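K.L.:
In UniProt numbering, the protein residues as written are 1 to 248.
This is the structure:
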């Protein structure tokens with residue numbers, strides 16, 4: 001495995017990335033909450049991009065993977081700034097953003113600021129506004145009191161380590177919500193969603209589909225697929241979706 005390259009953002013955060021040269025529009029993978037660029041979907045897409053000759057970028061948000069920073073000090077706005085810096089600095093021309101879970105929210109924030117740099121968006125169990133609609137709204141009164149003290153600890157189904165949710169993550173996320181005001185997406189949008197996803201249920205994809213404005217927005221539901229969306233069939237669906245967008 002090759003060592004990553006690094007980009008220093010305007011906020012002086014050091015972002016690790018791997019970039020595959022190729023033809024455009026390029027594809028950029030934006031990972032999920034507490035995930036890194038060495039995950040199954042990111043590596044699968046890199047292999048596909050190499051075989052196709054497509055430009056591809058994967059990176060770690062600050063506090064994630066090989067990038068600088070402490071995860072517990074980060075928030076949605078920080079990770080959006082990291083993504084914006086990576087996309088605008090490391091790529092040229094319009095890109096297809098592939099956002100997994102939280103990466104879907106980050107992609108929408110990027111698209112809202114630089115729509116001219118977005119050729120399309122593929123959301124994989126996209127989770128816009130999850131700090132408010134999933135975390136805060138789902139907290140018990142006791143958990144809300146605990147969060148007021150600085151942080152609350154939640155169990156994780158994906159790791160032995162629990163999720164530590166900070167007060168800043170939730171409060172800063174309220175300044176980044178995308179489902180409370182018009183969301184113009186002037187490019188093709190494809191939402192891929194598993195019906196067995198308990199972390200980001202299909203209702204989230206349906207709400208995003210109903211809320212956003214796009215000339216070409218489609219939702220594909222995959223029966224029994226879970227939040228990881230990483231079975232061979234699911235991975236093939238992601239690349240097939242990208243093939244159609246690139247060839248269309």
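All C-beta atoms in this analysis are idealised placements derived from N, C-alpha and C, irrespective of residue type, glycine included. Only a predicted model underlies this, so the values are computations on that prediction, with no experimental measurement involved.
Leaving out five residues on either side along the sequence, give the residues of the same chain with a beta carbon under 6 Å from the beta carbon of residue 150.
P.N.:
Once the five neighbours on either side are set aside, the close Cβ partners of residue 150 are 167.
K.L.:
Please return the same chain residues whose Cβ sits closer than 7 Å to the Cβ of residue 20, not counting the five positions on each side in sequence.
P.N.:
Correct list, in chain order: 46, 49, 50, 55, 56.
K.L.:
Leaving out five residues on either side along the sequence, give the residues of the same chain with a beta carbon under 8 Å from the beta carbon of residue 179.
P.N.:
So the qualifying residues of the chain are 128, 129, 133, 207, 208, 211.
K.L.:
Over the uninterrupted alpha helix (DSSP H) stretch that includes residue 18, give me the two end residues.
P.N.:
Per DSSP, residue 18 belongs to no alpha helix (DSSP H); it is in the beta strand (DSSP E), 14–20.
K.L.:
Give, in chain order, every unbroken run of the alpha helix (DSSP H) that is at least 4 residues long and sits entirely within the UniProt domain "Serine aminopeptidase S33" (44–139).
P.N.:
Entirely contained in the UniProt domain "Serine aminopeptidase S33" (44–139), the alpha helix (DSSP H) runs reaching 4 residues are, in chain order, 76–90, 102–113.
K.L.:
Just tell me which of 103, 93, 95 has its CA closest to the CA of residue 81.
P.N.:
Cα-wise, what sits closest to residue 81 is 103.
K.L.:
Hey, could you find the ends of the beta strand (DSSP E) residue 244 is sitting in?
P.N.:
First-last for residue 244: 232–247, but that is the alpha helix (DSSP H), not the beta strand (DSSP E).
K.L.:
Thinking C-alpha only, which one of 243, 141, 233, 161 is nearest residue 188?
P.N.:
When each option's Cα is compared against that of residue 188, the closest is 243.
K.L.:
Can you list, in chain order, the residues of its chain whose CB lies under 6 Å from that of residue 222, leaving out five sequence neighbours each side?
P.N.:
Counting only Cβ-Cβ distances below 6 Å, and skipping sequence neighbours, we find 194.
K.L.:
Buried or exposed: which applies to residue 205, given that a residue is buried once 16 or more other Cβ atoms fall within 10 Å of its Cβ?
P.N.:
With 16 or more Cβ atoms within 10 Å of its Cβ, residue 205 is classed as buried.
K.L.:
With DSSP as the reference, label residue 147 as helix, strand or coil.
P.N.:
It is helical.
K.L.:
What did DSSP end up calling residue 206 once you bin it into helix, strand or coil?
P.N.:
Here residue 206 sits in helix by DSSP.
K.L.:
Whole angstroms is fine: what's the gap from residue 148's alpha carbon to residue 120's?
P.N.:
Residue 148 and residue 120: Cα-Cα distance of roughly 39 Å.
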